[in-house]
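Take the position in the sequence shown, starting the count at 1, then add 845; the result is the number in my numbering. Ideal placement from N, C-alpha and C gives every residue a C-beta, glycine not left out.
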Amino acid sequence: MQFGDVGRIREGRYILFWVLGALLMLAGSWIAGHLEWTVGTTKAGYYGALIIAFVMFLVAGLCWIGVAVGASKYV
């Protein structure tokens with residue numbers, strides 16, 4: 846690895862976290878959007894799915910915040 850390759854590794858990591866945040870946001874919104882209280886849905890299953898979707902939103906936000914902080918160092 847040469848000296849100039851370090852910047853490419855960091856940029857690749859930023860892109861990875863940006864895409865990971867987008868996928869987590871998509872999955873969390875899909876879970877929350879399709880969640881219904883119907884016959885056969887347990888209270889634990891319903892609230893468990895809500896918590897999983899909320900955690901996905903939080904992790905996606907942290908990924909995007911990390912990318913924004915990292916990108917601000919280059920501007």
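Whole-number beta carbon distance between residue j and residue i, since they are thought to touch under 8 Å
| i | j | result |
| --- | --- | --- |
| A905 | L869 | 4 Å |
| C908 | L865 | 5 Å |
| Y892 | W882 | Not confirmed; about 10 Å, so no contact. |
7 Å Cβ shell around residue i - same chain, five flanking residues per side excluded
| i | result |
| --- | --- |
| A894 | I876, L880 |
Bounding residues of the alpha helix (DSSP H) (the contiguous stretch that carries residue i)
| i | result |
| --- | --- |
| L907 | 888 to 917 |
8 Å Cβ shell around residue i - same chain, five flanking residues per side excluded
| i | result |
| --- | --- |
| R855 | G915 |
For residue i, three-class secondary structure by DSSP
| i | result |
| --- | --- |
| V864 | helix |
| W882 | coil |
Other residues of its chain near residue i: CB distance less than 6 Å, five sequence neighbours each side excluded
| i | result |
| --- | --- |
| Y859 | V912, G915 |
| G873 | A898, M901, F902 |
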